[in-house]
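Encoded as structure tokens, the structure appears first; notes follow it.
Residue numbers (the numbering used here): 1024 to 1162.
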């Protein structure tokens, strides 16, 4: 991927971010391309509009791409986003098996969430067995 191509797709992500700004959202945009460098997904922040804390630009772009290609696996795809993805979005990018991430600016607010959530294991063998049986049946 050339520097000019990277710049082109970051600029297209920027246009998506403008759409978020126009509706009063945090201006972040994302574009996903396939191995042929064709856009298969795009998105911009809609957290407030949808009252959905997961409605980040990257998540919306992933949903758009997976719907279009009819597969949740985005192997050989690249995402371009206007800011360094948060942990939730980076996890989704990894789960979608994307090849690479390019971002236009560093996210200085990463890991600055002050609220800590308590998490405890309440071990339940039925829960464990259900997953084990499912994955065993696939093999």
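Where a beta carbon is used, it is the ideal one built from N, C-alpha and C, also for glycine.
Where residue i falls: helix, strand or coil (DSSP)
i, result
"residue 1041", "helix"
"residue 1087", "helix"
"residue 1128", "coil"
"residue 1051", "coil"
"residue 1105", "coil"
"residue 1046", "coil"
Residue burial classification, residue i (beta-carbon count within 10 angstroms, cutoff 16)
i, result
"residue 1159", "exposed"
"residue 1148", "exposed"
"residue 1065", "buried"
"residue 1157", "exposed"
"residue 1039", "buried"
"residue 1085", "buried"
"residue 1117", "exposed"
Supposed contact pair residue j and residue i - C-beta distance, whole angstroms, cut 8 Å
i, j, result
"residue 1062", "residue 1036", "Contact flag wrong, Cβ pair sits at about 10 Å."
"residue 1249", "residue 1100", "The requested residue 1249 is not part of the displayed model; the chain covers only 1024 to 1162."
"residue 1104", "residue 1097", "Actually they are not in contact, since the Cβ atoms of residue 1104 and residue 1097 sit about 14 Å apart, beyond 8 Å."
Item to complete: Determine contact between the region 1070 to 1080 and the region 1104 to 1118, defined as no fewer than three beta-carbon pairs at a distance below 8 Å.
Response: Contact between the region 1070 to 1080 and the region 1104 to 1118 is present: 3 or more CB-CB pairs across the two stretches fall below 8 Å.
Practice item. Kindly confirm or deny that the region 1042 to 1053 and the region 1063 to 1071 touch, where touching means at least three C-beta pairs closer than 8 Å. Key: Judged by Cβ distances under 8 Å, the region 1042 to 1053 makes contact with the region 1063 to 1071, as three or more pairs qualify.
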